[in-house]
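In the working numbering, each residue carries its 1-based index in the sequence shown increased by 121.
Where is the CB? At the ideal position from N, CA and C, for every residue including glycine.
Written below as structure tokens is the structure these notes are about.
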Amino acid sequence: MANDQDENAVFLALADPTRRAVIRALGPGPASVGELAQPFAMTLPSFMKHIHALEDSGLIRTSKSGRVRTCTLDRDRLAVVGHWLDEQRRVWEDRTDRLDALMADPEENR
């Protein structure tokens, strides 16, 4: 189970639409920074700030071969989001189930 700092780092990184687009682009597999940067109207140094933020959060790993830096999605780290959402879903389903029971028979639940 991830701690609050882990969750915060992941959600903070995913708060930016450019970073979310990079994560989507890495879904099928690794890609070079140049390939990832191509769809965005920004300088490479600006784009690299997004790559570093994703790397710092643990969502991606990078490796360098010659002049090419390749990014790889860390699917286990991305699972932090799924686990958090599952927890929240369980909490709210329990609450709505209790509300449904109360609404079905308010006299019984007084």
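Asked                                                                                                                              : Found
What do you get for V131, buried or exposed, if any count of 16 or more other CB atoms within 10 angstroms of its CB means buried? : buried
Could you check the C-alpha separation between A174 and D221 for me, to the nearest Å?                                             : 43 Å
Can you check which of these residues, S184, G187 and A200, is closest to G148 by C-alpha distance?                                : A200
I need the boundaries of the beta strand (DSSP E) containing T193, first residue and last residue.                                 : V189 to L194
In the DSSP assignment, what residue or residues form a beta bridge with K170?                                                     : DSSP, once it has assigned bridges, lists no residue as partnering K170.
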